[in-house]
Amino acid sequence: NPTGTVLSETALCEIAALADARDLIVISDEIYEYYVFDGHRHVSMASLPGMRERTITINSFSKSFGMTGLRLGYIAAPAPFVQAMLPFHHAMMICANVLAQYGGLVALTQPRDWFKNVLAEYDRRRRVWMAALDQIELPYNKPQGAYYVFIDIRSTGLSSAEFVNRAREEAKLIFQPGTIGGGAGEGFIRGALTQGSPVFEEGLERFKTFVRKLR
Ligand SMILES: Cc1ncc(COP(=O)(O)O)c(C=O)c1O
């Protein structure tokens, strides 16, 4: 997020080697671990040789179990890191809400076969998105994982913020500016695959009309 790129095991190993050489801790947000397409594979940073001791893995029930909004997340890290975080966590959070914790318990103890259909539906929407973008000749980063599409809007002559504001006002479409991930995202926007039919298809038609009008 936002580019939908899945880091290869080789890239992760390079990060691990750097962390080892410079004695760094790696904070690895793996919230989209199950959302991977086209044979890409989720490799957990902490599973690489020697990395368990220097990795703080962040995860949440929001994406893996569709529990967004229930505010149930977790970290997996060596005990000394967790000890250092606890006072801050207590002050900030008090505790995760009880409903979410019962939901999380059920989520973790059920088989995960239901997710096959979810992933297939996200893959379908991803393909529809890509076909639409090809049609109007807007380049994008082919999503390998997560549930976003990162679109290059430089050909419209608008900045990320201008595009997002105008899309909202003129076409009732919500995007994030590419700059949510830093200045390098200027000229890009992030769309999400989270809407179902028919809202998704209708929105896509409005998007195509909106972009055509800009040119
Ligand atoms: C990469 C990434 N990490 C973490 C989060 C936060 O998820 P939550 O606060 O719902 O657990 C998000 C939400 O979009 C995300 O995209």
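Residues in the sequence shown are numbered from -8 upward in steps of one, following the numbering used here.
We put the CB at the ideal spot given by N, CA and C, even for glycine.
Given the structure is predicted, the values throughout are model-derived calculations rather than measurements.
Report task. Check the C-beta distance from A152 over to P168 and give it rounded, since I have them as a contact under 8 angstroms. Result -> 5 angstroms
**Report entry** Residues near A87 in its chain [Cβ-Cβ closer than 7 angstroms; skip 5 each side]
**Finding:** R62, L63
**Report entry** Length of the line joining the Cα atoms of A82 and A2
**Finding:** 36 angstroms
Query raised in the report: Does DSSP put P208 in a helix, in a strand, or in coil?
Result: Nothing about residue 208 can be reported from this structure: the residues present for the chain run from -8 to 206 only.
Requested in this report: Check the C-beta distance from Y138 over to Y26 and give it rounded, since I have them as a contact under 8 angstroms.
Outcome: 6 angstroms
Query raised in the report: Taking only runs of the alpha helix (DSSP H) that begin and end inside the region 34 to 81, which ones reach a length of at least 4 residues, in chain order?
Result: 52 to 55
Requested in this report: Check whether the Cβ of T(-4) lies closer than 7 angstroms to any heavy atom of ligand 1, and answer yes or no.
Outcome: no
Query raised in the report: P189: buried (16+ other C-beta within 10 angstroms of its C-beta) or exposed?
Result: exposed
**Report entry** Whether L149 touches R197 by CB criterion (8 angstroms)
**Finding:** no
**Report entry** Distance cut-off 7 angstroms: T48 Cβ against heavy atoms of ligand 1
**Finding:** no
Requested in this report: Using 10 angstroms around the beta-carbon of A68, count the other beta-carbons present and answer buried if the total reaches 16, otherwise exposed.
Outcome: buried
Query raised in the report: Would S51 be called buried (16 or more neighbouring beta carbons within 10 Å of its own) or exposed?
Result: buried
Query raised in the report: Do I6 and R45 come within 8 angstroms of each other at the CB atom, strictly closer than that value?
Result: no
Report task. Could you tell me if the beta carbon of I171 falls within a distance shorter than 7 angstroms of some heavy atom in ligand 1? Result -> no
Requested in this report: Count the other C-beta atoms from every protein chain shown that fall within 10 angstroms of the C-beta of V202, then say buried if there are 16 or more, exposed otherwise.
Outcome: buried
Query raised in the report: Does any heavy atom of ligand 1 sit closer than 7 angstroms to the C-beta of I180?
Result: no
Query raised in the report: Should D20 be counted as a contact of ligand 1 given a C-beta to heavy atom distance under 7 angstroms?
Result: yes
Requested in this report: Mind checking who G182 pairs with in its DSSP beta bridge?
Outcome: V140
**Report entry** Helix, strand or coil at Q126 according to DSSP, with G and I counted as helix
**Finding:** helix
Requested in this report: Decide if R117 is buried, meaning its Cβ has at least 16 other Cβ atoms within 10 Å, or exposed.
Outcome: buried
Query raised in the report: What is the DSSP secondary structure of D20, counted as helix, strand or coil?
Result: strand
Query raised in the report: If you count every other CB in all the chains shown that lies within 10 Å of the CB of W105, and 16 or more means buried, which is it?
Result: exposed
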